[in-house]
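Trainee: Take this structure, written in structure tokens, and hold onto it; I'll ask about it next.
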Amino acid sequence: MTYLVLFLGVCFVLGGLAVASNPSPYYGVVGLVLASVMGCGWLLSLGVSFVSLVLFMVYLGGMLVVFVYSVALAADPFPEGWGEWPVVVYGVGLVLVLGVGLGVGEFGGWKFGLGTVDSEGVMSVRLDFSGVALFYSCGVGMFLVAGWGLLLTLFVVLELVRGLSRGAIRAV
Amino acid sequence: MSPTHLSFYSAFALSSLGLAFHRTHLISALLCLESMMLSMYIALSIWPVENQAASFTLMPVLMLTFSACEAGVGLAMLVASTRTHGSDHLHNLNLLQC
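Chain order of the listed sequences is R and V. 16 is the number of the first residue of the first sequence in the numbering used here; add one for each residue after it. 12 is the number of the first residue of the second sequence in the numbering used here; add one for each residue after it.
Shown next, in the form of structure tokens:
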């Protein structure tokens, strides 16, 4: 149990490596799901459960579902696997570049330890709940800008996929 | 460097290298972009926990909003390129080739 957070961090990096060196977009999506599940578990073990669940719902449940069916649209019918030589060379090369970068840069030793998320005092509120709730009070400008940006993105996407004929539903 | 910082820093570096060296599909590059956004989200979430500053927990949620916008637009461009060129292979996008 001592090394659980370290294990989650290592699996997060392995998921990122799987996305970067993917033989086919199917495996890239698997790596992204692995990385986001590990990242959510990591945030949960730190105590910030709200941002972890936001990541699960918005990222995994919303964005990755859309990515999965776009991959089904765009990827090869007969993909390469993990055991092919170019993919292995690619993965090892990426890890080597990362290792060289860490070795050349300054690595001043390991530092351990993190703070906690419960505030003490009369009102016990969690750090992330009280922070994100500021969206509705002080940060209402950011909230409105984000909402406006999302609405604008909807129209941008509809305009990009309009094509020559009218109508939104079309076979590719 | 603490192991947590090393984790999301390496994941970000690996995904940006994967974006730079994308090979056949446009959607592999979009997936690497998503992985970069994920590691940035984790980094922005861990920072207020370490510094005990509650109001900075707004930032990962705001970043996720704009990253969702960006993912949607990227996928719309993928669909547009599949409609025009028949596939999303990157060697089809050769307008600037001499």
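Cβ atoms here follow ideal geometry from the backbone N, Cα and C, with glycine treated the same way.
Taking beta-carbon pairs under 7 Å, can you tell me which members of the stretch 150–164 of chain R lie near chain V?
Mentor: Result list: F150, G154, M157, A161, G164.
Trainee: Check H16 (chain V) in the structure and name its three-state DSSP category.
Mentor: Helix, per DSSP.
Trainee: Using DSSP's beta-bridge definition, name the partner residues of H36 (chain V).
Mentor: Note: H36 (chain V) sits in a beta bridge opposite V:H100.
Trainee: List the residues of chain V whose Cβ lies closer than 7 Å to the Cβ of G56 (chain R), in chain order.
Mentor: The premise fails here: G56 (chain R) is roughly 11 Å from chain V at the closest Cβ pair, so nothing lies under 7 Å.
Trainee: Flag this pair as yes or no: are the beta carbons of V48 (chain R) and L75 (chain R) separated by less than 8 Å?
Mentor: Contact: yes.
Trainee: Taking V110 (chain R) and L32 (chain R) to be in contact with their CB atoms under 8 Å, please state how far apart those CB atoms are, rounded to whole angstroms.
Mentor: Correct: roughly 7 Å between the Cβ atoms.
Trainee: Give a yes or no on whether the C-beta atoms belonging to G146 (chain R) and A65 (chain V) are separated by under 8 Å.
Mentor: Yes. Within cutoff.
Trainee: Taking Cβ positions only, does A87 (chain V) come closer than 8 Å to chain R?
Mentor: So yes, A87 (chain V) belongs to the interface.
Trainee: Considering only residues of the same chain and omitting the five flanking positions on each side of L41 (chain V), which have a CB-CB separation below 6 Å?
Mentor: Answer for L41 (chain V): G85, listed in chain order.
Trainee: Can you name the residues of chain V whose CB is closer than 9 Å to the CB of Y74 (chain R)?
Mentor: Near Y74 (chain R) (Cβ distances below 9 Å), the residues of chain V are E45, M48, L49, Y52, L75, S78, A79.
Trainee: Tell me whether S95 (chain V) sits in a helix, a strand or coil according to DSSP, three-state version.
Mentor: Ser is not the amino acid found at residue 95 (chain V); the sequence shown has Thr there. In the structure shown, T95 (chain V) sits in a helix (DSSP, three-state: H, G or I).
Trainee: For L37 (chain V), which of V:Q108, V:S56, V:D99, V:N103 has the nearest alpha-carbon?
Mentor: Measuring from the Cα of L37 (chain V), the nearest candidate turns out to be V:D99.
Trainee: Write down the C-beta distance between G29 (chain V) and S85 (chain R) rounded to the nearest angstrom, noting that I regard them as a contact closer than 8 Å.
Mentor: That pair is no contact at about 18 Å.
Trainee: Answer yes or no: does any C-beta atom of chain V fall closer than 8 Å to that of P40 (chain R)?
Mentor: By this cut-off, P40 (chain R) is an interface position.
Trainee: Counting along the chain, where does the alpha helix (DSSP H) carrying L36 (chain R) start and finish?
Mentor: Checking the displayed sequence, the identity of residue 36 (chain R) turns out to be Ser instead of Leu. Segment: none, S36 (chain R) is in no alpha helix (DSSP H) and carries neither H nor E.
Trainee: With a threshold of 6 Å on Cβ separation, who are the neighbours of E95 (chain R) within its own chain once the five nearest residues in sequence on each side are excluded?
Mentor: These residues qualify, in order along the chain: P38, S39.
Trainee: Between V:M88, V:L73, V:S46, which lies nearest to E174 (chain R) when the distance is taken from Cα to Cα?
Mentor: Per the Cα distances, V:M88.
Trainee: Is it true that the stretch 13–29 of chain V meets the stretch 165–172 of chain R, where meeting means three or more beta-carbon pairs spaced less than 8 Å apart?
Mentor: No: fewer than three Cβ pairs fall under 8 Å.
Trainee: List, from N- to C-terminal side, the alpha helix (DSSP H) runs of 4 residues or more that fit wholly inside the stretch 19–94 of chain R.
Mentor: Runs found: 19–35, 40–61, 64–69, 79–89.
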